[in-house]
Amino acid sequence: MAGGVVVSSGGGKDYPGKLTMFVLFACIVAATGGLIFGYDIGISGGVTSMNPFLMKFFPSVYRKEQEAERNQSNQYCKFDSQLLTMFTSSLYLAALVASFFAATVTRVAGRKWSMFGGGVTFLVGAALNGAAKDVGMLILGRVLLGVGVGFANQSVPVYLSEMAPARLRGMLNIGFQLMVTIGILCANLINYGTAKIRGGWGWRVSLALAAVPAAIIAVGALFLPDTPNSLIDRGYTDAAKRMLKRVRGTDDVEEEYSDLVAASDESKLVAHPWRNILLPRYRPQLVMAIAIPMFQQLTGINVIMFYAPVLFKTLGFADDASLMSAVITGLVNVFATFVSIVTVDRLGRRKLFLQGGTQMLACQIVVGSLIGAKFGFSGVAEIPKGYAAIVVLFICAYVAGFAWSWGPLGWLVPSEIFPLEIRSAGQSINVSVNMFCTFIIAQAFLPMLCRFKFILFFFFGAWVVVMTIFVALFLPETKNVPIEEMVLVWKAHWYWGRFIRDEDVHVGADLEMPSANAKLGGMQ
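Using my numbering, the first residue of the sequence shown is number -15, and each one after it goes up by one.
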């Protein structure tokens, strides 16, 4: 390789620099954008299992639930209501649409203002939900929450990937998923407490407290610095160089700076990123931007997290016990995410994907079999406490497998693979596909549970098999590779290399194109 460039274990340049407190603090503040997403996931399932909430907004569901308990009728179908699932999933439809507008804001105004806009909109939605008088007001609040989630999920993972040094990008980016899991856990704990409030208004507290994580990211975003990549892209080259020196903790940034400028110059030649992302040379990134978020939702995780209290109630747990079981899975989710933070830049993305997929598949088979053995197709059974505890144990093992694989990596990998010229468009596709699939699954889960019964767990297990094979064959290892050099990884891949011509590779003056596997050997 020309110019004496050192190649790191990931296959890219090993730029000078260290993890500074400045970068660490900025990444922690930005990652709090994940709190609003996580809090909402956790709070939705909790309030929809609270009887006062159902009585006020969804009386038909409440009556069906009471009837099921009185008559010991089909446990699979007692929560089946399209209006109830519309309450939950309207947020994800709004987030899908908002992510496309967020792409323009993120590119033109910078990543921090997209986060700020997301926090403020979520704050308004939380106020509307807490004060809701009818279903219309409730769903309008949910739509505003969705706009906030769309903006935050579009900008935060990109911000984290751009600020982090290449060798620590995985660890810092997973801060976003860690905040999602903390948000879920906090929501579960709050639901557990508010469900005990006498007078039946605890659900208002649960919904209104979404204002807290919204305020954290909205205020925090005001103090965040812009990323060097964003500053260069918007024409502030001197400020970008100063910022790069500050975030890397060294004055020796010429090499990385020249690569960022080269990437920005190339991005300015792209007038229509939405059209260009369809070109053959971006095929691998486009496929991953669609496949990874789709597969992340088809693991079935949001089914567990949305409806954990409902699911445990269906298993025969009492109201308190079902919420407590959701708290337990929330704790597992947080601690297992730390495993990913510690290992992602050492073991790499592929090993975590493959191990997590195998663990989730085994747990889905066991949980489906245990529920099927008791409830069968009739949906009528008494579950002994010990038996239910075993089901919860395997659900926790499933959550752990997800929390150190598809959970964090589903956001990390798409945010680190796009060249600057299509990065905002690519991340919008990633977020919108994620939200669309979440919406579809949230809408379909309760009707599917009613009709498929325990077979539903095997349905999601089959998808885990498909996604694990997909990763094994088509996802190259991306650890330690600087973002602006990621094209080298795709060029060296046994399948994706055919879509990328040598003249499509521009990674700065000092770096020559590798002869396929010579430089990035072993990346498959």
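For every residue, glycine included, the Cβ atom is placed at its ideal position computed from N, Cα and C. Given the structure is predicted, the values throughout are model-derived calculations rather than measurements.
| message | As a quick exercise: from Pro149, Ile401 and Gly101, pick the residue whose alpha carbon is nearest that of Ile261. | response | For the residues Pro149, Ile401 and Gly101, the minimum Cα distance to Ile261 belongs to Ile401.
| query | Between the C-alpha atoms of Ala384 and Met147, what's the straight-line distance to the nearest angstrom? | reply | Between Ala384 and Met147, the C-alpha separation is close to 28 Å.
| According to DSSP, is Lys369 helix, strand or coil? | If DSSP states are grouped into helix, strand and coil, Lys369 belongs with the helices.
| message | Please give me, in chain order, every unbroken run of the alpha helix (DSSP H) with length at least 4 that falls completely inside the region 122 to 178. | response | Unbroken alpha helix (DSSP H) runs of no fewer than 4 residues, entirely contained in the region 122 to 178, are found at 153 to 178, following chain order.
| query | According to the Cβ coordinates, are Gly509 and Asn172 closer than 7 Å? | reply | Residue 509 is absent from the model: the chain starts at -15 and stops at 508.
| Top-ranked residue by Cα proximity to Met344, from Ile379, Gly332, Gly360 and Ala373 | Of the listed residues, the one whose Cα sits closest to Met344 is Ile379.
| message | Quick check on the burial criterion: 16 or more other C-beta atoms within 10 angstroms. Buried or exposed for Ser512? | response | Absent from the model: residue 512. The displayed extent of the chain is -15 to 508, so no value can be given.
| task | With a threshold of 16 other CB atoms inside 10 Å of the CB of Met5, please say whether the residue is buried or exposed. | result | An exposed status is given to Met5, since fewer than 16 other beta-carbon atoms sit within 10 Å of its beta-carbon.
| said: Let's see if you can read the secondary structure: which residues bound the alpha helix (DSSP H) around Ala199? | reply: Note, Ala199: alpha helix (DSSP H), Ala195 to Leu206.
| Would DSSP call Pro460 helix, strand or coil? | In the three-state scheme derived from DSSP, where H, G and I count as helix and E and B as strand, Pro460 is classed as coil.
| request: Would you please state the rounded distance, in angstroms, between the beta carbons of Pro212 and Leu228? I believe it to be under 8 Å. | output: Confirmed, about 4 Å.
| For Phe359 and Gly102, the rounded distance between their alpha carbons | Between Gly102 and Phe359, the C-alpha separation is close to 43 Å.
| Straight-line CA distance for Thr69 to Asp249? | So the alpha carbons of these two residues sit roughly 46 Å apart.
| field | Pairwise C-alpha distance: Ile166 and Phe322 | value | Computed Cα separation, rounded: 11 Å.
| task | Kindly indicate which residue of Asn414, Pro257, Ala372 and Ala357 has the alpha-carbon position closest to the one of Val81. | result | Looking at Asn414, Pro257, Ala372 and Ala357, the one whose alpha-carbon comes closest to that of Val81 is Asn414.
| field | Inter-residue CB distance, Pro149 and Arg232 (contact presumed, cutoff 8 Å) | value | Sure, about 7 Å apart at Cβ, within 8 Å.
| field | Beta-carbon separation (whole angstroms), Ile349 vs Gly445, contact threshold 8 Å | value | Going by Cβ atoms, the distance from Ile349 to Gly445 rounds to 6 Å, so yes, they are a contact pair.
| query | To the nearest angstrom, how far is it from the Cα of Val450 to the Cα of Gln339? | reply | Taking the CA atoms as reference points, Val450 sits about 14 Å from Gln339.
| task | May I ask you to report which of helix, strand or coil DSSP gives Ser416? | result | Looking at Ser416 - three-state DSSP - the assignment turns out to be helix.
| task | For Leu206, collect the residues of the same chain with a Cβ closer than 7 Å to its Cβ; drop the 5 residues on either side in sequence, then sort them by chain order. | result | Same-chain partners within the cutoff: Phe100.
| field | Given Gln161 as reference, the closest of Gly391, Ile453 and Phe454 once Cα atoms are compared | value | Residue Gly391 is the option with its Cα nearest to Gln161.
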